[in-house]
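For the protein sequence lines, the chains are V and B, in the order given.
Here this note's numbering is used: the first residue of the first sequence is 1, the next is one more, and so on.
Here this note's numbering is used: the first residue of the second sequence is 1001, the next is one more, and so on.
All C-beta atoms, glycine included, are put in the ideal place defined by N, C-alpha and C.
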Amino acid sequence: MTGKLVLENLKNRPLRSLLSILLIGVPVTLILTLVGLTQGMLSEAQNRQRGAGADIVIRGSTVQAVTSTSTTTIPARMVDKVQEQPHVKLAMGVINDRVELILGLTGLDMAKFNRMTGGFKFDAGGPLQGPDDILVDRLYAEQNHLHIGQTIKLINHDWRVAGVIEPGKLARLAVRLATLQDLDAATGKVAQIYVQADDPANIDLVAGELQRLLPNFKVNTMAEITAMYNVDQIPAIKPFTVVVAAIGVVIGITVVWLSMYMVVLQRTREIGILKALGASKTFILGIILIEAAMLGVGGTILGIVFSYGAQWLIRTLVPASFQMAIAYGWWPRVAAVTLAAAILGALYPGLSAARQDPIEALAYE
Amino acid sequence: MNNGAIIETRDLRKVYRIGQVDVQALRGVDLTVQPGEFLSIVGPSGSGKSTLFHIIGGLTPPTAGEVSVGGQNLAALSDAGRTRIRRRTVGFVFQKFNLLPNLTARDNIAVARHIAGLGSKPDAQFDEVLRLLGIAGRLDHKPSALSGGEQQRIAIARAIVNRPAILLADEPTGNLDTENSNAVLEVLRDLNRRLGQTVLMITHNPEAAAFGHSTVHMRDGRIVDRTTTNG
């Protein structure tokens, strides 16, 4: 009966109910989108690292996080030195430039890259021909409406689109290593060295030897590198998510508070009737809290639905710039936080309703 | 203080504080109501009828004096204790019907049982009461789809669904035309005669008051007269 009472109350004011659910749902969408973007982009970067076919990655000593492009501090001759080490099948130096927030341009030694990965798969065009050629992945080509032979300007340099590649192999925008070294005034240097061992059984052995050989550089196995692709390893992402979640909670509490405060005002007489029928303070508080909880549940469901919408929008409008995953693992967390916020927001109006004098409430017009 | 009476008040006083002013709503009311009695309470506005009604119904505590309802001393009860009285011992019928607008008539009745902890479905004998009230066919309508007379009969059904010892009716015909007023008063009299329901009814209307066994006249917070009518 209590459920029916609450449901009828919600149905009786559909606009208020829907607006409340919408306003609760928006911060839920924000949180799920932010987390989904973080997870999606980390996952995409992780897959690309795996797609490199390397077993070990050597990075510059100044690099902080796994996702940050390390500065070009490794002398290129180190690549040859690494190549000479026992059980090293192949060593390849690369260099990176950032062209968008999370989109990088990678300078590759194409011959070694092809040996290490089996080469790019082309959707259109073909390999790099001239020094100013560039390969772009399918998503970037679609987002920017690029075609083979077109000239694009990146890092203040004109590039000719030579090929459109399938994403998933280390680079999303690939150019010749020497060209990028020249443009970055980093001739003779690389940012990372990707190393392939002669046998998977020797990966740890090789990694250990390389770390001893290059004590001032960071040497990690690919397994370690890919494991670093989680939120905890990305500076500022976790606090940023917490801040957005906190803002969402504040919005949720405020929306529910205002909504339920209006409910209590509008239903003063009905509260008086229930009290005249012998409803206890707990019963009155209960129906207000249950109603708020139902708004919270509705807002959570709407927020989840909207997160699918956000994913569709991102895939449609900016597939190359952002990748968004559906953060299933966050649904229970977001639901719990939203419910808590809804109940917290309804507490004061609910207590006010419970404390109402039945005679005054019955006289309310 | 109990001589078989279902309601008994002695030197009952109630003072309201409105702003800085104390308003004496009841100035020593002595009243005895026997089980099965149909008592009408009449008097001008401000005479204290409603205050007496609210105290007997457990909606507000008295300032002083004694009040026993169904053998329980209301003056000694806490807010929670008075809430329990409202669940099972008294049933209210109001001038403005006071049905919950979002619920059907059936659910308005069911909610009273739910609050009293009796489940939502009335017992089988209650069907007879619904037939007596003439509302058996209107139970699936919301109040907005019911006439004033029908709403008031639903309100009566809700008030007695938990078989309270006392039915308190505050101007039950105040918002009804003559035809519906008579129908509601007949229902109250029927309930009193057939089921032995004790009824206290506040009214301004002498014709309505005549439906009771006796009439109490109030003025300035006191009972000034009690007359027996044909009922």
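Buried or exposed (CB count within 10 angstroms, at least 16 for buried), residue i
| i | result |
| --- | --- |
| B/Val-1224 | exposed |
| B/Tyr-1016 | exposed |
| B/Thr-1009 | buried |
| V/Tyr-194 | buried |
| V/Gln-181 | buried |
| B/Pro-1206 | exposed |
| V/Trp-257 | buried |
| V/Gly-149 | exposed |
| V/Ile-253 | buried |
| V/Ile-247 | exposed |
| V/Tyr-229 | buried |
| V/Asn-114 | exposed |
| B/Gln-1020 | exposed |
| V/Gln-129 | exposed |
| V/Gly-303 | buried |
| V/Asn-96 | buried |
| B/Gln-1125 | exposed |
| B/Ser-1144 | exposed |
| V/Glu-365 | exposed |
Where the alpha helix (DSSP H) through residue i begins and ends
| i | result |
| --- | --- |
| V/Gln-441 | Limits of chain V in this structure are 1 at one end and 365 at the other, which puts residue 441 of chain V out of reach. |
| V/Gln-196 | No alpha helix (DSSP H) holds V/Gln-196; the beta strand (DSSP E) holding it covers 192-197. |
| V/Gly-296 | 281-317 |
| V/Trp-257 | 237-266 |
| V/Ala-354 | 331-355 |
| V/Ile-152 | Note, V/Ile-152: premise wrong, no alpha helix (DSSP H); beta strand (DSSP E) at 151-154. |
| B/Val-1184 | 1178-1195 |
| V/Val-79 | 77-83 |
| B/Glu-1207 | 1206-1209 |
Span of the beta strand (DSSP E), counted from its first residue to its last, around residue i
| i | result |
| --- | --- |
| B/Arg-1158 | Unbroken run through B/Arg-1158 is the alpha helix (DSSP H), 1148-1160; no beta strand (DSSP E). |
| V/Asn-220 | 218-221 |
| V/Phe-122 | 122-125 |
| V/Val-99 | No beta strand (DSSP E) contains V/Val-99, which DSSP labels as neither H nor E. |
| B/Gln-1024 | 1021-1033 |
| B/Tyr-1016 | 1007-1018 |
| B/Glu-1037 | Segment: none, B/Glu-1037 is in no beta strand (DSSP E) and carries neither H nor E. |
| V/Met-324 | Run containing V/Met-324: none; DSSP gives neither H nor E here. |
Residues of its chain near residue i, where Cβ-Cβ distance is below 6 Å and the 5 sequence neighbours each way are ignored
| i | result |
| --- | --- |
| B/Leu-1240 | The structure shown has nothing for residue 1240 of chain B, since chain B only spans 1001 to 1231. |
| B/Lys-1049 | Ile-1041, Gly-1043, Ile-1202 and Met-1218 |
| B/Ala-1110 | Ser-1120 |
| V/Ile-74 | Gly-60 and Val-190 |
| B/Thr-1227 | Thr-1215 |
| V/Met-116 | Gly-53, Leu-90, Met-92 and Gln-196 |
| B/His-1054 | Thr-1060 |
| V/Lys-112 | Met-92 |
| V/Ala-174 | Thr-106, Leu-108 and Leu-135 |
Nearest residue (CA-CA) to residue i, options the options
| i | options | result |
| --- | --- | --- |
| V/Pro-349 | V/Val-255, V/Asn-156 and V/Val-305 | V/Val-255 |
| B/His-1213 | B/Thr-1229, B/Asp-1220, B/Thr-1198 and B/His-1204 | B/Thr-1229 |
| V/Pro-131 | V/Thr-29, V/Leu-154 and V/Thr-179 | V/Thr-179 |
| V/Arg-333 | V/Arg-13, V/Ser-20, V/Leu-10 and V/Thr-29 | V/Thr-29 |
| V/Lys-153 | V/Val-136, V/Glu-166, V/Asp-109 and V/Lys-4 | V/Val-136 |
| V/Ala-124 | V/Lys-112, V/Ala-111, V/Met-110 and V/Glu-142 | V/Glu-142 |
| V/Ile-284 | V/Thr-300, V/Val-263, V/Ile-134 and V/Asp-55 | V/Val-263 |
| V/Ala-276 | B/Ser-1047, B/Ala-1112, B/Ala-1076 and B/Asp-1190 | B/Ala-1112 |
| V/Asn-220 | V/Gly-36, V/Ala-292, V/Gln-49 and V/Gly-40 | V/Gln-49 |
| B/Ala-1025 | B/Val-1033, B/Thr-1032, B/Ser-1045 and B/Glu-1037 | B/Ser-1045 |
| V/Glu-166 | V/Leu-139, V/Gln-192, V/Asp-184 and V/Leu-177 | V/Leu-139 |
| B/Ile-1115 | B/Ser-1047, B/Val-1161 and B/Ala-1209 | B/Val-1161 |
| V/Ala-335 | V/Phe-322, V/Ala-293 and V/Arg-355 | V/Ala-293 |
| V/Phe-217 | V/Trp-330, V/Phe-306 and V/Ile-56 | V/Ile-56 |
| V/Ala-45 | V/Ser-321, V/Gly-345, V/Arg-16 and V/Ala-361 | V/Ser-321 |
| V/Ile-31 | V/Gln-311, V/Gly-345 and V/Leu-19 | V/Gln-311 |
Proximal residues to residue i (C-beta, below 7 Å), its chain only, five neighbours per side dropped
| i | result |
| --- | --- |
| B/Ala-1159 | Gly-1091, Phe-1092, Val-1093 and Leu-1167 |
| B/Leu-1133 | Arg-1153, Ile-1156, Ala-1157 and Val-1187 |
| V/Asn-202 | His-87 |
| B/Thr-1063 | Arg-1013, Lys-1014 and Val-1015 |
| V/Gly-126 | Ala-162 and Gly-163 |
| V/Val-35 | Thr-241, Ala-327 and Trp-330 |
Same chain, Cβ closer than 8 Å to residue i, five either side skipped, listed in chain order
| i | result |
| --- | --- |
| B/Asp-1030 | Thr-1009, Arg-1010, Asp-1011, Leu-1012 and Ile-1223 |
| B/Val-1184 | Gly-1149, Gln-1152, Arg-1153, Ile-1156, Pro-1172, Thr-1173 and Leu-1176 |
| B/Arg-1106 | Leu-1139 and Asp-1140 |
| V/Thr-2 | Phe-283, Gly-286, Ile-287 and Ile-290 |
| B/Arg-1194 | Leu-1132 |
| B/Arg-1027 | Arg-1013, Gly-1048, Asp-1220, Gly-1221 and Arg-1222 |
| B/Asn-1180 | Ser-1147, Gly-1148, Gly-1149, Gln-1152 and Thr-1173 |
Near the ligand HEM: residue i beta-carbon under 7 Å from a heavy atom
| i | result |
| --- | --- |
| B/Arg-1086 | The model depicted lacks the ligand HEM and carries no ligand whatsoever. |
Length at least 3, wholly inside the region 1078-1143 of chain B: the beta strand (DSSP E) runs in chain order | 1090-1093
In chain order, each alpha helix (DSSP H) run of at least 4 residues that lies wholly inside the region 125-180 of chain V | 138-143
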